[in-house]
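With the numbering used here, letter number 186 in the sequence shown gets 589, and the count goes up by one each step, no holes. Each remark here refers to the structure printed beneath this line.
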Amino acid sequence: MKKILYVVIPVIAFSIIFVNAFFGHLIFSSETQQVMNKYSVYVHLLSDWQSDSKNIVFEVSNSWHKSDKRNDVNHVFDAESKEYNTNQLQEINGKSFVELKHEFSECQEEWQPMLYRKAVDTVRHEIEYVQGKQLSTDPDISVYPNIENGNYDNLEQQSKIKNGYAQFFPICTSKETTSYDYSVKTDNKDLGFDVYFVSSSTQRENFTSSEFDYYIDSGCFGQNKQSYSGSCKNIQKDSGLLIIFPDELKPWITKVTVNLYEIN
């Protein structure tokens with residue numbers, strides 16, 4: 404029996420990869436207008452930052468309702484044919500950093516999962532659900548529990564982030580005004596993050612000043628969290644999610660998972 408399994412399992416695995424390579428985009432294509440974009444943002448803080456760790460990785464899933472498109476145009480994101488986005492040297496809070504985006508399509512193309520990636524993500528989702536780290540039973544939607552940062556209070560957090568690092572994630576929408584569900588979590592157990600839905604990317608430069616403006620409705624922001632999910636309604640098309648960390652990162656790398664879902 405074991406000898407048969409040694410043959411059957413590789414055959415099944417090869418078949419899945421083969422089918423995905425040629426027909427994966429058809430299997431996961433949907434008749435609905437809901438599409439997804441997955442991308443990564445790698446940030447390297449340069450020496451003028453005080454953090455012991457200089458690296459932050461954001462894994463982003465952005466799901467939205469596209470407008471009608473021509474049927475003869477392929478809008479599926481082809482990861483194999485894409486090059487890594489160019490390194491961009493930027494500055495915030497008077498301190499410089501390098502930002503690298505991978506598979507970021509500016510809401511122009513759709514991402515379709517490979518079959519084995521879809522299977523792995525589904526299993527991981529189920530494990531997290533059993534462990535209580537995931538509140539959604541839908542493997543395509545992530546809802547994280549509201550976990551406060553227990554290392555220090557919110558007042559100290561607001562003081563810390565004034566000298567911290569902020570990352571902006573634009574929403575995707577074909578509407579002038581829309582609503583979004585979102586969830587954020589980090590593997591950094593030493594610090595809390597702040598998360599805000601803001602009107603545009605310009606707020607990334609304003610969060611240290613009195614000019615900082617964000618959607619103040621309940622669910623549109625969270626402060627001093629290690630895990631958080633919310634819902635923000637009636638936001639403008641140029642809006643996005645702003646996530647802020649204090650400049651006190653200690654692990655060799657901090658990973659942040661971000662999920663955005665446009666609501667009908």
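For glycine and all other residues, C-beta sits at the position ideal for the given N, C-alpha and C.
- So the alpha helix (DSSP H) Gln606 belongs to, where does it begin and stop? Mapped onto the sequence shown, residue 606 falls at position 203. First-last of the alpha helix (DSSP H) with Gln606: 606-609.
- Message: Would Asn557 and Gln626 qualify as a contact pair, given that the criterion is a beta-carbon distance under 8 Å?
- Response: Counted from its first residue, the sequence shown places residue 557 at position 154. Counted from its first residue, the sequence shown places residue 626 at position 223. Yes; because the gap between Cβ atoms is below 8 Å, this pair is in contact.
- Task: Answer with buried or exposed for Val605, where buried requires no fewer than 16 other C-beta atoms within 10 angstroms of its C-beta.
- Result: One-based indexing of the sequence shown puts residue 605 at position 202. Inspection of the sequence shows that residue 605 is occupied by Thr rather than by Val. With fewer than 16 Cβ atoms within 10 Å of its Cβ, Thr605 is classed as exposed.
- Between the beta-carbon of Glu494 and the beta-carbon of Ser443, is there less than 8 Å? Sequence index remark: in the sequence shown, residue 494 carries index 91 (1-based). Sequence index remark: in the sequence shown, residue 443 carries index 40 (1-based). It is not a contact, given that the beta carbons lie outside the stated cut-off.
- Item | Beta bridge counterpart(s) of Ser586 as assigned by DSSP | In the sequence shown, counting from the first residue as 1, residue 586 sits at position 183. The partner list for Ser586 (beta bridge, DSSP) reads Ser632, Asn662.
- Message: According to DSSP, simplified to helix, strand and coil, what is Ile564?
- Response: Position 161 of the sequence shown holds residue 564. Helix.
- Item | CB contact flag (Ile619, Gly567, <8 Å) | For the purposes of this step, residue 619 is taken as the residue at position 216 of the sequence shown. For the purposes of this step, residue 567 is taken as the residue at position 164 of the sequence shown. Contact flag unset, no.
- List the whole-angstrom C-beta distance separating His447 from Asn440, where the pair is believed to meet the contact cut-off of C-beta under 8 Å. For the purposes of this step, residue 447 is identified with residue 44 of the sequence shown, where counting begins at 1. For the purposes of this step, residue 440 is identified with residue 37 of the sequence shown, where counting begins at 1. With 8 Å as the limit, His447 and Asn440 do not qualify as a contact, their Cβ atoms being about 23 Å apart.
- Query: Applying the criterion that 16 or more other CB atoms from any shown protein chain within 10 Å of the CB defines a buried residue, is Pro649 buried or exposed?
  - Reply: Position 246 of the sequence shown, counting from 1, holds the residue named residue 649. Buried, since its Cβ has 16 or more Cβ neighbours within 10 Å.
- Message: If the criterion is Cβ atoms closer than 8 Å, does the pair Ser642 and Ile564 meet it?
- Response: Here residue 642 refers to the residue found at position 239 when the sequence shown is read from its first residue. Here residue 564 refers to the residue found at position 161 when the sequence shown is read from its first residue. The answer is no: Cβ separation not under 8 Å.
- Item | Alpha-carbon spacing of Ser450 relative to Leu663, whole angstroms | Looking up residue 450 in the sequence shown gives position 47. Looking up residue 663 in the sequence shown gives position 260. Cα to Cα, Ser450 sits roughly 32 Å from Leu663.
- Query: Under the DSSP definition of a beta bridge, which residues are partnered with Thr581?
  - Reply: By 1-based counting over the sequence shown, the position of residue 581 is 178. DSSP output for Thr581 lists Ile638 as bridge partner(s).
- Item | Whole-angstrom distance between Glu513 and Val463, CA atom to CA atom | Taking the first residue of the sequence shown as 1, we reach residue 463 at position 60. Taking the first residue of the sequence shown as 1, we reach residue 513 at position 110. The alpha-carbon atoms of Val463 and Glu513 are separated by roughly 14 Å.
- Query: Straight-line CA distance for Cys623 to Val601?
  - Reply: As a first step, residue 623 must be located in the sequence shown, where it is residue number 220. As a first step, residue 601 must be located in the sequence shown, where it is residue number 198. Cys623 and Val601 have their C-alpha atoms some 9 Å from each other.
- Opposite Ile495 in the DSSP bridges: which residues? Counting from one through the sequence shown, the residue named residue 495 turns up at place 92. Answer by DSSP bridge pairing, in chain order: Lys498.
- Message: So, for Gln436: in the same chain, excluding its five sequence neighbours on each side, which residues have a beta-carbon less than 6 Å away from its beta-carbon?
- Response: One-based indexing of the sequence shown puts residue 436 at position 33. Answer for Gln436: His468, Lys469, listed in chain order.
- Message: Output needed for Asp584: all residues of its chain with C-beta closer than 7 Å, excluding positions within five of it in sequence on either side, in chain order.
- Response: On the sequence shown, position 181 is the one that residue 584 refers to. Ser634, Tyr664, Ile666, listed in sequence order.
- Quick one, are the C-beta atoms of Tyr631 and Ser586 less than 8 Å apart? For the purposes of this step, residue 631 is taken as the residue at position 228 of the sequence shown. For the purposes of this step, residue 586 is taken as the residue at position 183 of the sequence shown. A distance below 8 Å separates the beta carbons of Tyr631 and Ser586.
- Below 8 Å between beta carbons: does that hold for Leu645 and Arg607? Indexing the sequence shown from 1 puts residue 645 at position 242. Indexing the sequence shown from 1 puts residue 607 at position 204. Yes, they are a contact pair.
- Can you tell me which of the three DSSP states Asn552 falls into? Within the sequence shown, the letter at position 149 stands for residue 552. In this structure, Asn552 counts as coil in the three-state DSSP scheme.
- Task: Could you check what DSSP says for Asn490 in three-state terms: helix, strand or coil?
- Result: Position 87 of the sequence shown holds residue 490. Note: Asn490 maps to coil in three-state DSSP.
- Query: What do you get for Ser562, buried or exposed, if any count of 16 or more other CB atoms within 10 angstroms of its CB means buried?
  - Reply: Residue mapping note: residue 562 aligns to position 159 of the sequence shown, counting from 1. Exposed is the call here.
- Check the C-beta distance from Asn637 over to Ser603 and give it rounded, since I have them as a contact under 8 Å. The residue given as residue 637 occupies position 234 in the sequence shown. The residue given as residue 603 occupies position 200 in the sequence shown. The pair is not a contact, with the Cβ atoms about 15 Å apart (cut-off 8 Å).
- Of the listed residues Tyr547, Glu579, Phe596, Glu551, nearest to Gln570 (C-alpha basis): For this step, residue 570 is matched to residue 167 along the sequence shown. Taking only the C-alpha atoms, the option nearest Gln570 is Phe596.
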